[in-house]
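Numbered per this note's numbering, the sequence shown finishes at 180, counting up by one with no gaps. Here is the structure we will look at.
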Amino acid sequence: MITPDKPHSPLSLVEIAAIVAIIVIWGVNNAAAKVATEVLPPLLTGALRFAIAAACLIPFVRPPFPNWKSLMLIVLIGGPLHYGLVYLAFWLAHDVSPVSVATQLWVPFTALFAFLVLGERLSRFALIGMGVAFLGVAWMTLDPHAIGDWKGIAVGVVAAGAWAMTTVIARRTTSIPPLKMQGLLAL
């Protein structure tokens, strides 16, 4: 086991505040998306989100664009396909919570796709965790309070699969800086 030369220092107040801010922003994101899709069509909501992101990230998008074929897959699957499906899922559902949970299946989908596409290994515990995650979403969907949102949940699961595939392709395409990748996704 490798041990660091010096112990980790405790987080500063600024670092803690930054972590809390990120958690709050991510937490509010799905609720804001649900509210937006009740007022605007889902694809327009997604387009507006991308326009705002593009305005912020355009300075980071400059040539060269290495691995452009993989990059195009990342941009198309992770951009309009994934987010179009996410906003459609929020629009279809009455309650944002089950759809938000279903979209988190991108984590076990990523492990599955990494196994299938990249040849990564899955431990027994990873397989059990994936099974629990998928069964948990299925169980949640059958709950009397969520059954009416099954279409939104199903679309959210497909969106999670799209994001997982984007993640696996991006892992294979390591030469693109993260902000450049996010900027290209926004365009």
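All C-beta atoms in this analysis are idealised placements derived from N, C-alpha and C, irrespective of residue type, glycine included. These numbers were taken from a predicted model, which means no experiment stands behind them.
What is the DSSP secondary structure of Pro170, reduced to helix, strand or coil?
Here the question's residue 170 lines up with position 177 in the sequence shown. In this structure, Pro170 counts as coil in the three-state DSSP scheme.
Sub-8 Å separation of Val92 and Phe83 beta-carbons:
The residue labelled residue 92 in the question sits at position 99 within the sequence shown. The residue labelled residue 83 in the question sits at position 90 within the sequence shown. Yes, the Cβ-Cβ distance between Val92 and Phe83 is below 8 Å.
For the stretch 62 to 105, list the alpha helix (DSSP H) runs that are entirely contained and at least 4 residues long, ordered along the chain.
75 to 85 and 89 to 96
Output the distance between the C-alpha atoms of Met(-6) and Ala107, rounded to the nearest integer angstrom.
Counted from its first residue, the sequence shown places residue -6 at position 1. Counted from its first residue, the sequence shown places residue 107 at position 114. Bear in mind that the predicted position of Met(-6) carries a pLDDT of just 47, short of 50, making it unreliable; the figure below should be weighed with that in mind. If you take the alpha carbons of Met(-6) and Ala107, they lie about 26 Å apart.
Which residue spans inside the stretch 112 to 164 form an unbroken alpha helix (DSSP H) run of at least 4?
117 to 135
Against chain C, with Cβ distances strictly below 8 Å, would Gly71 count as a contact?
No chain C is part of this structure, which consists of one protein chain only.
Ordered along the chain, which non-local residues of its own chain (more than five positions away) have a Cβ less than 8 Å from that of Ala155?
As a first step, residue 155 is located in the sequence shown; it is residue number 162 there, counting from the start. Cβ neighbours of Ala155 beyond the five flanking positions: Ile70, Gly71, Leu74, His75 and Leu78.
Between the Cα of Gly145 and those of Val13, Ile12, Lys27 and Ala119, spot the shortest distance and give me the residue it belongs to.
By 1-based counting over the sequence shown, the position of residue 145 is 152. Ranking the options by Cα distance to Gly145, first place goes to Lys27.
Do Ala126 and Leu115 have their CB atoms nearer than 8 Å?
Indexing the sequence shown from 1 puts residue 126 at position 133. Indexing the sequence shown from 1 puts residue 115 at position 122. No, these two residues do not count as a Cβ contact at 8 Å.
To the nearest whole angstrom, what separates the beta carbons of Ala139 and Gln97, a pair I think is in contact under 8 Å?
Residue numbering aside, residue 139 sits at position 146 when the sequence shown is read from its first letter. Residue numbering aside, residue 97 sits at position 104 when the sequence shown is read from its first letter. Not a contact, Cβ separation roughly 15 Å.
So is Trp132 buried or exposed if we call it buried at 16+ other beta carbons inside 10 Å?
Numbered from 1 along the sequence shown, position 139 holds the residue referred to as residue 132. So Trp132 counts as exposed.
Rounded distance between the beta-carbons of Val150 and Val130, thought under 8 Å:
What you label residue 130 is simply residue 137 of the sequence shown in a count that begins at 1. What you label residue 150 is simply residue 157 of the sequence shown in a count that begins at 1. Right, the Cβ-Cβ distance comes to about 7 Å (below 8 Å), so this counts as a contact.
Can you give me the start and stop residues for the alpha helix (DSSP H) that Leu37 sits inside?
In the sequence shown, counting from the first residue as 1, residue 37 sits at position 44. Element bounds for Leu37: Pro35 to Leu50.
If we call anything under 8 Å between Cβ atoms a contact, is Tyr80 one with Thr38?
The sequence position of residue 80 within the sequence shown is 87, counting from 1. The sequence position of residue 38 within the sequence shown is 45, counting from 1. Taking 8 Å as the Cβ cut-off, Tyr80 and Thr38 qualify as a contacting pair.
Tell me whether Leu6 is buried or exposed, calling it buried when 16 or more other Cβ atoms sit within 10 Å of its Cβ.
Residue numbering aside, residue 6 sits at position 13 when the sequence shown is read from its first letter. Exposed.
Leaving out five residues on either side along the sequence, give the residues of the same chain with a beta carbon under 7 Å from the beta carbon of Leu85.
Against the sequence shown, residue 85 aligns to sequence position 92. Within the same chain, Leu85 has close Cβ partners Lys144, Gly145 and Val148.
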